[in-house]
Amino acid sequence: MIFGLPIISVAIWLPIIFGILVLATGGDKNAPLARALAMVGSVLGFLVTIPLYTGFALDTSQMQFVELHNWIPRFNIHYHLGVDGISVLFILLTAFFTPLVVLAGWQVIEKRVAQYMAAFLIMSGVMIGVFAALDAILFYVFWEAMLIPMFLIIGIWGGQNRVYAAVKFFLYTLLGSLLMLVALIYLYNQSGGSFSILDFHKVAIPMTAQILIFIAFFFAFAVKVPMFPVHTWLPDAHVEAPTGGSVVLAAIMLKVGAYGFLRFSVPIVPDASHKLAGVMIALSLIAVVYIGLVALIQSDMKKLVAYSSISHMGFVTLGIFIFNAYGMEGALLQMISHGFVSGALFLCVGVLYDRMHSRNIADYGGVANTMPVFAAFFMLFAMANSGLPGTSGFVGEFTVILGAMKANFWYAFAAATTLVFGAAYTLWMYKRVIFGAAANSHVAELTDLTLREKTIMAILAVTVLGMGLYPLPFSEVMHASVNDLLVHVAHSKLP
Amino acid sequence: MDLMTNLMPAAAEIFLLVMVCVILIADLMIRQSGRLVTYMLVQLTLLGCSVITVGTHENGVVHAFNNMFVDDLMSDVLKLLTYLAVSMMLVYSRQYLTVRGLFSGEYMVLALFAMLGMMVMISANHFLTLYLGLELLSLSLYAMVALQRDSAVATEAAMKYFILGALASGLLLYGMSMLYGATGSLELGAVASAIQSGEADKNLLVFGLVFVVSGLAFKLGVVPFHMWVPDVYHGAPTAMTMLIGSAPKLAAFAFVVRILVEGLQPLVQHWSGMLVILAIASMGLGNITAIAQTNLKRMLAYSTIAHMGFMLLGLISGGVEGYGTSMFYAVVYVLMSLGAFGMIMLLSREGFEADTLDDFKGLNQRSPWLAFLMLLLMFSMAGVPPTVGFYAKFSVLNAVVGAGHIWLAVVAVLFSLIGAFYYLRIVKLMYFDAPESHTPIKVDSDAALLMSVNGFAVLLLGLLPNQLMSVCAVAVQQSLLLP
Numbered sequence: 001m002i003f004g005l006p007i008i009s010v011a012i013w014l015p016i017i018f019g020i021l022v023l024a025t026g027g028d029k030n031a032p033l034a035r036a037l038a039m040v041g042s043v044l045g046f047l048v049t050i051p052l053y054t055g056f057a058l059d060t061s062q063m064q065f066v067e068l069h070n071w072i073p074r075f076n077i078h079y080h081l082g083v084d085g086i087s088v089l090f091i092l093l094t095a096f097f098t099p100l101v102v103l104a105g106w107q108v109i110e111k112r113v114a115q116y117m118a119a120f121l122i123m124s125g126v127m128i129g130v131f132a133a134l135d136a137i138l139f140y141v142f143w144e145a146m147l148i149p150m151f152l153i154i155g156i157w158g159g160q161n162r163v164y165a166a167v168k169f170f171l172y173t174l175l176g177s178l179l180m181l182v183a184l185i186y187l188y189n190q191s192g193g194s195f196s197i198l199d200f201h202k203v204a205i206p207m208t209a210q211i212l213i214f215i216a217f218f219f220a221f222a223v224k225v226p227m228f229p230v231h232t233w234l235p236d237a238h239v240e241a242p243t244g245g246s247v248v249l250a251a252i253m254l255k256v257g258a259y260g261f262l263r264f265s266v267p268i269v270p271d272a273s274h275k276l277a278g279v280m281i282a283l284s285l286i287a288v289v290y291i292g293l294v295a296l297i298q299s300d301m302k303k304l305v306a307y308s309s310i311s312h313m314g315f316v317t318l319g320i321f322i323f324n325a326y327g328m329e330g331a332l333l334q335m336i337s338h339g340f341v342s343g344a345l346f347l348c349v350g351v352l353y354d355r356m357h358s359r360n361i362a363d364y365g366g367v368a369n370t371m372p373v374f375a376a377f378f379m380l381f382a383m384a385n386s387g388l389p390g391t392s393g394f395v396g397e398f399t400v401i402l403g404a405m406k407a408n409f410w411y412a413f414a415a416a417t418t419l420v421f422g423a424a425y426t427l428w429m430y431k432r433v434i435f436g437a438a439a440n441s442h443v444a445e446l447t448d449l450t451l452r453e454k455t456i457m458a459i460l461a462v463t464v465l466g467m468g469l470y471p472l473p474f475s476e477v478m479h480a481s482v483n484d485l486l487v488h489v490a491h492s493k494l495p
Numbered sequence: 496m497d498l499m500t501n502l503m504p505a506a507a508e509i510f511l512l513v514m515v516c517v518i519l520i521a522d523l524m525i526r527q528s529g530r531l532v533t534y535m536l537v538q539l540t541l542l543g544c545s546v547i548t549v550g551t552h553e554n555g556v557v558h559a560f561n562n563m564f565v566d567d568l569m570s571d572v573l574k575l576l577t578y579l580a581v582s583m584m585l586v587y588s589r590q591y592l593t594v595r596g597l598f599s600g601e602y603m604v605l606a607l608f609a610m611l612g613m614m615v616m617i618s619a620n621h622f623l624t625l626y627l628g629l630e631l632l633s634l635s636l637y638a639m640v641a642l643q644r645d646s647a648v649a650t651e652a653a654m655k656y657f658i659l660g661a662l663a664s665g666l667l668l669y670g671m672s673m674l675y676g677a678t679g680s681l682e683l684g685a686v687a688s689a690i691q692s693g694e695a696d697k698n699l700l701v702f703g704l705v706f707v708v709s710g711l712a713f714k715l716g717v718v719p720f721h722m723w724v725p726d727v728y729h730g731a732p733t734a735m736t737m738l739i740g741s742a743p744k745l746a747a748f749a750f751v752v753r754i755l756v757e758g759l760q761p762l763v764q765h766w767s768g769m770l771v772i773l774a775i776a777s778m779g780l781g782n783i784t785a786i787a788q789t790n791l792k793r794m795l796a797y798s799t800i801a802h803m804g805f806m807l808l809g810l811i812s813g814g815v816e817g818y819g820t821s822m823f824y825a826v827v828y829v830l831m832s833l834g835a836f837g838m839i840m841l842l843s844r845e846g847f848e849a850d851t852l853d854d855f856k857g858l859n860q861r862s863p864w865l866a867f868l869m870l871l872l873m874f875s876m877a878g879v880p881p882t883v884g885f886y887a888k889f890s891v892l893n894a895v896v897g898a899g900h901i902w903l904a905v906v907a908v909l910f911s912l913i914g915a916f917y918y919l920r921i922v923k924l925m926y927f928d929a930p931e932s933h934t935p936i937k938v939d940s941d942a943a944l945l946m947s948v949n950g951f952a953v954l955l956l957g958l959l960p961n962q963l964m965s966v967c968a969v970a971v972q973q974s975l976l977l978p
């Protein structure tokens with residue numbers, strides 16, 4: 001606590017309260033006020049999360065900044081929040097992206113500005129809640145509540161086929177969530193009437209039940225990650241979502257799934273996780289290789305980045321299910337890095353889309369002639385996406401490959417192909433969009449980045465480079481928790 | 496003295512009956528323009544009933560009229576909620592009925608008679624009392640549906656309702672007569688102990704049970720006895736639909752609990768098997784058929800069928816947990832359905848019914864506030880947190896899993912997923928589509944205020960559901976004398 005304030009609660013509720021205030025500004029007459037208020041709220045929202053990092057004790061895997069209050073005593077449900085090395089960075093990541101998203105939608109969003117800004121602010125608070133919740137039902141409430149603003153964002157401000165994408169997004173994720181709910185209720189009964197996630201970690205469960213629970217969790221989390229073969233909602237949702245929506249989806253919402261694996265599946269049902277690790281690894285590698293190839297043939301830039309996200313998230317699940325320290329830390333680093341990089345790439349595509357209203361690669365060519373500054377930034381993020389050393393993309397991928405190598409040479413071999421495919425699809429797209437002579441009159445009339453866009457890009461560029469050159473501040477917070485998790489997982493929980 | 500001990504538990508019913516007669520006569524002297532006086536009188540009566548119910552509350556279970564009538568915590572809670580629901584119904588429907596020329600004394604008197612029927616059902620401890628209450632409720636509702644004389648649809652709905660309702664009553668009575676034949680008693684407690692003693696003819700009992708459950712299923716509107724629900728919901732004027740779809744569900748819950756749990760508890764393994772089939776069929780058919788509807792009232796009718804199926808799941812699970820969550824589910828459902836039907840009435844105007852899905856297109860642009868409230872209601876019906884509908888589903892699922900029926904919980908959530916689609920479609924229409932009509936929405940301030948309170952209650956109870964859950968659980972526990 002700092003100044004006696006419960007920091008996590010403030011981090012959750014401050015953006016939500018600002019969101020409600022923004023909503024209260026009403027119609028589009030007051031759009032400037034709504035924008036300003038959203039900016040203040042999101043920046044404050046980020047600032048309040050900083051003490052979570054600066055005050056974080058590195059030498060313990062215990063939950064920190066814990067808040068515990070009765071919420072629904074009838075079912076022994078608590079308002080129980082806390083962070084450890086696994087969750088703390090995601091909270092910062094979430095809060096970090098909100099101001100960028102607000103800034104990215106500053107001019108582009110012209111209709112229903114207040115609702116747009118409010119949706120992002122509220123979603124930001126709710127997503128922080130997902131990462132900080134230590135009570136299963138509180139987690140579930142945040143988890144589901146997250147869907148509502150995203151559903152509206154895609155459906156209201158999205159592209160042509162937005163309604164289809166929004167409904168698909170919602171129903172896909174709801175299916176997984178509901179099965180997870182049944183699993184959580186089962187665990188509640190098994191644990192003797194507690195919904196605390198930490199208590200779930202200790203419950204002994206027979207193998208059949210473990211496998212069923214694992215499958216229920218798999219549906220919930222794999223859909224969010226998304227893992228092959230339940231990934232098909234993501235390209236639709238990404239393509240149709242407005243830029244801000246895509247950024248939040250890629251940067252934060254996908255991480256929620258992987259976080260779920262780390263917080264629920266692996267520690268609660270370790271035996272089933274070990275038993276089914278082969279399947280999970282296979283699915284991860286299919287995502288890395290096959291989806292990488294699919295990305296290669298995309299003609300739509302957003303779709304390409306979306307498939308690239310799925311492929312990169314394959315690394316994350318691979319890292320988790322090889323069960324060694326390199327794999328798991330690599331997975332976490334990859335999640336953070338992918339947040340920055342994919343967010344940045346979607347913003348880049350957004351910059352082009354705002355000017356040309358096309359996402360087709362074929363409509364571009366020679367953008368470097370008219371937008372040199374943009375081309376430079378885009379270059380950096382494209383390189384990071386293909387895992388160039390010195391960028392954040394390298395750190396995570398390399399660590400996961402190291403971990404995979406310890407487990408099995410062929411895992412590492414298959415995973416490492418991404419360095420080829422990733423470079424191929426990213427740089428090929430880059431070449432077709434940016435290099436060459438100006439392809440048509442529209443490209444020739446493009447204007448370079450505005451100050452607002454430059455700010456966003458610069459912030460992300462610094463982060464991507466910073467994390468690539470000096471990843472220690474990111475990795476040191478997770479050591480204790482990751483080691484503890486691995487020790488925990490190594491013990492069988494069969495009764 | 497003996498008379499007073501008999502009368503006190505039924506004081507609210509007696510007061511209501513007296514007031515209904517007073518209002519009936521007083522209304523004769525009132526001209527159409529002064530109908531508001533009648534309306535205020537009705538609301539005051541409801542207030543009076545609440546005061547009496549609270550005032551005459553006694554701890555424990557009190558029987559009266561030779562055990563025909565029971566006053567316990569569950570009945571008091573359910574009655575108070577019934578008053579609230581009827582009162583809300585009247586506020587929502589005032590404007591709607593006024594412009595349609597249906598805002599008459601008969602309408603309000605019938606509504607009160609229906610409520611009296613519900614109260615008798617809630618407090619019944621005897622097959623005949625139960626039946627008396629049920630018929631009083633049903634006959635009032637038949638008449639209310641037919642109140643719009645020159646509407647062919649409404650008349651058709653009333654006929655269907657009446658014929659099928661009469662059939663169901665017949666089934667119920669037939670079943671009760673068999674139970675009487677087997678046990679020699681009509682009083683619920685005596686029936687239970689007669690069955691418990693093992694002297695009653697088992698075949699006859701189970702045979703009677705089948706008829707009773709069929710009759711109950713008819714009244715609840717669960718598959719395969721659901722045929723009347725969509726037609727009646729669709730055909731009746733929305734105000735009447737609201738009355739049919741809200742408060743009587745509370746009475747129906749009490750009715751089912753009184754008969755099955757208090758009277759026929761020893762036959763639990765027989766009736767819970769039947770309820771499983773009814774519940775699954777209702778959730779399945781209700782949710783799937785609702786997708787195909789273009790009329791919102793019809794859609795809500797199928798959604799009711801699905802919700803009633805879900806409510807039965809709690810009864811199947813048994814115990815305080817099961818019955819308590821079932822009651823909670825019924826209460827939450829009533830709150831949501833009042834809001835949803837209220838919204839239809841708010842958006843309707845003279846000569847125009849906002850009851851098709853298309854009427855909700857682009858509501859966010861016409862009235863962001865109403866759209867937001869409807870969004871809350873729809874997400875609540877779909878069971879998405881942080882709305883109260885989630886806790887209703889959650890607590891029922893918890894009871895089901897606790898009773899060891901995990902497969903049933905999985906079936907239930909899969910059907911909920913299907914259900915989420917059509918609720919989501921309303922949100923989609925309101926938020927993603929362009930409006931078809933730009934007629935300004937004029938809403939009375941009292942109805943609009945109530946709508947806001949209703950919508951926010953759904954959210955607020957979703958954030959802090961503990962109180963209501965506990966009330967339901969304690970009520971059931973004390974009244975059914977469960978451990």
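Residue numbers (our numbering), protein chains in the order written: chain A, 1 to 495; chain B, 496 to 978. All C-beta atoms, glycine included, are put in the ideal place defined by N, C-alpha and C. In this text, all values refer to a predicted model and were calculated from it rather than measured experimentally.
- Collapsing the DSSP output to three states places Asn483(A) in a helix.
- For Val826(B), the three-state secondary structure derived from DSSP is helix.
- With 16 or more neighbouring CB atoms inside 10 Å of its own CB, Gly319(A) falls in the buried class.
- Of the other Cβ atoms in all chains shown, fewer than 16 fall within 10 Å of the Cβ of Ala490(A); this residue is therefore exposed.
- For Tyr79(A), DSSP records a beta bridge to His69(A).
- Assignment of His802(B) by DSSP, reduced to helix, strand and coil, places it in the helix class.
- The distance from the Cβ of Gly819(B) to that of Val572(B) is about 11 Å, inconsistent with a contact at the 8 Å cut-off.
- A straight-line Cα-Cα distance of about 19 Å links Ser947(B) and Gln115(A).
- By the criterion of at least three beta-carbon pairs nearer than 8 Å, the stretch 238-247 of chain A is in contact with the stretch 345-355 of chain A.
- Sequence-distant partners of Tyr728(B) (beyond 5 residues in either direction) whose C-beta falls short of 6 Å from its own C-beta, in its chain, are Thr736, Lys792, Ala796.
- Under DSSP, no beta-bridge partner is assigned to Arg861(B).
- In the DSSP annotation of this structure, the continuous segment of the alpha helix (DSSP H) that includes His729(B) starts and ends at 723-730.
- Neighbours of Asn440(A) across chain B, judged by C-beta separation under 9 Å, do not exist; the nearest C-beta is about 33 Å away.
- In the DSSP assignment, Ala382(A) forms no beta bridge with any residue.
- For Ala915(B), the neighbours in chain A by C-beta distance under 8 Å run, in chain order, Phe170, Leu171, Leu174.
- Look at Asn161(A): its C-beta is not under 7 Å from any C-beta on chain B.
- Within the DSSP bridge table, the entry for Thr851(B) names Asn790(B) as partners.
- In chain order, Glu508, Thr624, Leu627, Gly628, Leu631 place their CB closer than 7 Å to the CB of Val615(B), counting only its own chain and leaving out the 5 sequence neighbours on each side.
- For the C-beta of Asn189(A), the chain B residues within less than 7 Å are, from N- to C-terminus, Val896, Gly897.
- Contact annotation for Met822(B) against chain A: no contact, minimum CB-CB distance about 13 Å [criterion: below 7 Å].
- The bridge partners DSSP lists for Ser196(A) are Asp135(A).
- As far as DSSP is concerned, Ala415(A) takes part in no beta bridge.
- DSSP places Asn620(B) in the coil class of the three-state scheme, outside both helix and strand.
- With distances taken between CA atoms, Ala250(A) lies nearest to Lys303(A) out of Val279(A), Ala282(A), Lys303(A).
- For Asp941(B), there is no enclosing beta strand (DSSP E); the residue is found in the alpha helix (DSSP H) stretching over 940-958.
- Residue range 270-275 is occupied by the alpha helix (DSSP H) that includes His274(A), with no beta strand (DSSP E) assigned at that position.
- Under DSSP, Asp300(A) shares a beta bridge with Asn360(A).
- By the beta-carbon neighbour count (other beta carbons within 10 angstroms, threshold 16), Gln210(A) is buried.
- Collapsing the DSSP output to three states places Glu651(B) in a helix.
- The C-beta of His231(A) has 16 or more other C-beta atoms within 10 Å across all chains shown, which makes the residue buried.
- With fewer than 16 neighbouring CB atoms inside 10 Å of its own CB, Leu959(B) falls in the exposed class.
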